[in-house]
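Worksheet for the structure shown next.
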Amino acid sequence: MSNELLRVENLEVIYKTTQETVQAVNKISFTLNKGETLGLVGETGAGKTTTALAIMQLLPKTGKILSGSMTFDERNLLKLSDEEMRLQIRGERIAMIFQDPMTALNPVMTVGEQISEAIRYHSENVKEEEIQKRVNEVLEMVGIQASRKYEYPHQFSGGMKQRVVIAIALSCEPDLLIADEPTTALDVTIQAQVLAMMGELRDRLGTAMILITHDLGVVAQICDKVAVMYAGKLIEKGTLEDIYVSNDHHPYTVGLFGALPNLIEETDRLSPIAGLMPDPSRLPVGCNFQDRCLHCMDICKVKKPDVFVNKTHMIECYLFSGKESWRSAHGEQN
Ligand SMILES: Nc1ncnc2c1ncn2[C@@H]1O[C@H](COP(=O)(O)OP(=O)(O)OP(=O)(O)O)[C@@H](O)[C@H]1O
Ligand code: SF4
Ligand SMILES: [Mg+2]
10 MSNELLRVEN LEVIYKTTQE TVQAVNKISF TLNKGETLGL VGETGAGKTT TALAIMQLLP
70 KTGKILSGSM TFDERNLLKL SDEEMRLQIR GERIAMIFQD PMTALNPVMT VGEQISEAIR
130 YHSENVKEEE IQKRVNEVLE MVGIQASRKY EYPHQFSGGM KQRVVIAIAL SCEPDLLIAD
190 EPTTALDVTI QAQVLAMMGE LRDRLGTAMI LITHDLGVVA QICDKVAVMY AGKLIEKGTL
250 EDIYVSNDHH PYTVGLFGAL PNLIEETDRL SPIAGLMPDP SRLPVGCNFQ DRCLHCMDIC
310 KVKKPDVFVN KTHMIECYLF SGKESWRSAH GEQN
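Quick note: the sequence shown uses the working numbering, first residue 10, plus one each step.
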């Protein structure tokens with residue numbers, strides 16, 4: 010039996026409006042094994058949420074998957090009907106915590122009703138008694154007393170509300186949880202508590218996770234793999250060691266982490282890099298990072314960089330051409 014849960018290959022997503030075409034996700038590939046956590050990082054507008062929405066097939070009307078494939082537990086997600094996606098995959102096998110979780114709860118329904126609704130949706134012929142037992146269990150799992158299920162969202166603090174959102178996402182025991190900046194709206198101490206709790210639940214339930222975040226400290230704490238996104242591309246990816254211990258990095262990753270080589274000690278927040286990410290509706294010829302790169306060469310301005318790999322580590326940058334231990338992966342799937 011394969012250990013692979015999700016395989017995304019050459020995924021390309023655009024948003025098409027009357028004025029422009031935004032190349033939000035540009036041929037990205039990655040895999041995720043069962044129980045594994047992938048940290049997806051990158052500055053605002055890089056395409057992180059779009060990637061998540063494409064997997065969930067919840068892109069807005071203007072969004073379109075142009076090419077690529079997404080295989081989840083050996084099923085091609087792009088071949089499923091809306092109904093199959095809604096009844097068999099979304100919520101049940103893949104759950105998502107959205108970027109703005111505070112609006113995810115319905116203010117006029119009790120917390121217990123909202124969790125039981127999610128459970129009921131995916132389980133036919135389950136007795137009410139069993140559903141209520143499950144509601145109690147998931148609330149307690151996220152550290153909330155079951156007796157509080159009769160309360161409304163406004164009776165909970167921000168951190169508690171976020172726990173409820175996580176309880177709803179986990180109520181059907183999904184194989185994959187996509188969490189899009191699940192703690193940015195919370196204060197720092199509560200952020201740490203909620204993340205620690207998510208890490209524990211993941212270990213206990215064996216849920217695989219894609220964690221979208223700006224916080225590299227969080228990534229170091231709970232991820233197995235890291236993918237760095239820039240202007241719709243995954244410009245570097247690898248294991249936690251590849252990203253935090255190795256000295257080889259894409260110039261953008263170096264900028265993100267601050268000074269090398271002490272990636273973790275120097276900074277744990279994304280540090281600002283001079284310049285702006287190119288507008289995804291007007292991407293340059295050549296490397297997307299050329300205008301901000303201190304190492305930019307002539308070739309970078311005329312041709313998109315190849316992919317270079319060193320075992321589990323992948324970087325899309327000409328600096329790795331001919332470098333010891335690195336080889337070109339031209340034409341290979343990564
Ligand atoms: N509905 C939309 N219509 C048109 N363009 C969009 C739409 N949603 C996102 N975009 C554009 O697609 C690109 C990728 O956006 P996305 O929201 O995926 O980035 P992100 O990495 O999640 O950013 P953030 O960190 O700010 O959440 C951006 O240029 C964004 O402006
Ligand atoms: S390909 Fe060139 S411009 Fe792009 S990051 Fe590498 S060195 Fe810089
Ligand atoms: Mg986003």
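By construction, the Cβ of each residue, glycine as well, lies at the ideal position given by its N, Cα and C atoms.
Residue side-chain check: A55 places its Cβ nearer than 7 angstroms to a non-hydrogen atom of ligand 1. In the three-state reduction of the DSSP assignment, I282 falls in the coil class. C-alpha of K234 to C-alpha of P69: approximately 28 angstroms in a straight line. M323 and F317 have their C-alpha atoms some 6 angstroms from each other. Rounded to whole angstroms, E138 and F165 show a C-alpha spacing of 25 angstroms. One Cα belongs to G241, the other to K136, and the distance between them is close to 46 angstroms. The beta carbons of M286 and Y239 sit closer together than 8 angstroms. Taking the Cβ of F317 as the reference point, every heavy atom of ligand 2 lies at 7 angstroms or farther away. Between K170 and G121, the C-beta gap is not smaller than 8 angstroms, which leaves the two residues out of contact.
The segment 84–103 makes no contact with the segment 33–49; the number of CB pairs closer than 8 angstroms stays below 3. In terms of side-chain proximity, the C-beta atom of T59 is found nearer than 7 angstroms to a non-hydrogen atom of ligand 1. In this structure, the alpha-carbon of I140 lies about 28 angstroms from that of Q66. The segment 48–68 makes no contact with the segment 145–158, as fewer than three CB pairs between them are under 8 angstroms. In this structure, H259 sits near E245, with a CB-CB distance shorter than 8 angstroms. Taking every protein chain shown into account, the CB of P116 has fewer than 16 other CB atoms within 10 angstroms, so this residue is exposed. Secondary-structure assignment with DSSP links L49 through a beta bridge to I221, A236. In terms of Cβ geometry, V203 and T192 form a close pair [threshold 8 angstroms].
With respect to the 8 angstroms criterion, I106 and A178 are classified as neighbours on the basis of their beta carbons. Within the segment 118–190, the runs of alpha helix (DSSP H) at least 4 residues long that lie entirely inside it are, in chain order, 120–131, 137–150, 167–179.
By the Cβ test, the segment 216–234 is not in contact with the segment 21–34, since fewer than three Cβ pairs between them sit closer than 8 angstroms. Within the same chain, and ignoring the five residues on either side of L210 in sequence, the residues whose Cβ sits closer than 8 angstroms to its Cβ are M150, V151, I175, L179, T216. If the five residues before and after I199 are omitted, its C-beta is found closer than 6 angstroms to the C-beta atoms of G168, all from its own chain and listed in chain order. Within the model, the alpha-carbon separation for K313 versus I74 is close to 21 angstroms. For D109, the distance from the CB to the nearest heavy atom of ligand 3 is not below 7 angstroms. The Cβ neighbour count for N134, taken over all protein chains shown within 10 Å, is under 16; the residue is labelled exposed. Every residue whose Cβ sits closer than 7 angstroms to any heavy atom of ligand 2 is listed here in chain order: H259, P260, Y261, C296, F298, Q299, C302, H304, C305, M306, C309, P314, C326, Y327, L328. According to the DSSP assignment, F329 belongs to no alpha helix (DSSP H), since it is labelled neither H nor E. In the three-state reduction of the DSSP assignment, G264 falls in the helix class. Counting only residues of its own chain and dropping the five nearest sequence neighbours on each side, N12 has a CB closer than 7 angstroms to the CB of N42, K43.
Under DSSP, the beta-bridge partners assigned to L243 are M238.
Looking from the CA of R99, the closest CA among S78, S255, Y130 belongs to Y130. Counting only residues of its own chain and dropping the five nearest sequence neighbours on each side, L114 has a CB closer than 7 angstroms to the CB of Q123, P162, K170, V173, V174.
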